[in-house]
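Participant: Taking the numbering used here, the leading residue of the sequence shown gets 126, the next gets one more, and so forth.
From the three backbone atoms N, C-alpha and C, an ideal C-beta is built for every residue, glycine too.
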Amino acid sequence: MLHFLYSAVYFTFPHFFPQLNTGVQFTLLSATLSHFAFGWPSLESLDPLWWITATTTISSGLMYLDGSGRATITKTVTEKVKEKVGPRVAEQVKNVAQRAAVVEQKVKEVLSKTSAGHKE
126 MLHFLYSAVY FTFPHFFPQL NTGVQFTLLS ATLSHFAFGW PSLESLDPLW WITATTTISS
186 GLMYLDGSGR ATITKTVTEK VKEKVGPRVA EQVKNVAQRA AVVEQKVKEV LSKTSAGHKE
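1. Which complete beta strand (DSSP E) runs does the stretch 164 to 238 hold, if anything under 3 residues is left out?
2. Run the CB neighbour count on Thr180, radius 10 Å, all protein chains shown included, and call it buried at 16 or more, exposed below.
3. On the criterion of 16 or more Cβ atoms from any shown chain inside 10 Å, does Ser185 qualify as buried, or is it exposed?
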């Protein structure tokens, strides 16, 4: 249960280019819907936007595939606790977690001995 105190937390944030790509995609969607609803802009003026959107979408996808399209921040939950409550309280939480891990290990040992005793 207390394993979460030492497990890593991953946050993924997209870089600027994939966000720009999303903006281009929404622009294309809006312009295309506007063309079919109101007749503006013309289809000829949409052609470059279709090519730009295709290029940025493929580029963005390739960036995500090789890992450069996202930035990953890794922190342990203990570090996050330290940020929220301060180092003194975080140290106390860490000590309690260590004691709980020792108790958990002892409980596992007792349970394994008792289950081994029942098998005999």
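Facilitator: Taking the geometry as given:
1. For the stretch 164 to 238, the full-length beta strand (DSSP E) segments reaching 3 residues or more read 195 to 201 along the chain.
2. Translated into positions along the sequence shown, residue 180 becomes position 55. Around the beta-carbon of Thr180, fewer than 16 other beta-carbon atoms lie within 10 Å, marking it exposed.
3. Counted from its first residue, the sequence shown places residue 185 at position 60. Counting the other Cβ atoms within 10 Å of the Cβ of Ser185 gives 16 or more, which makes it buried.
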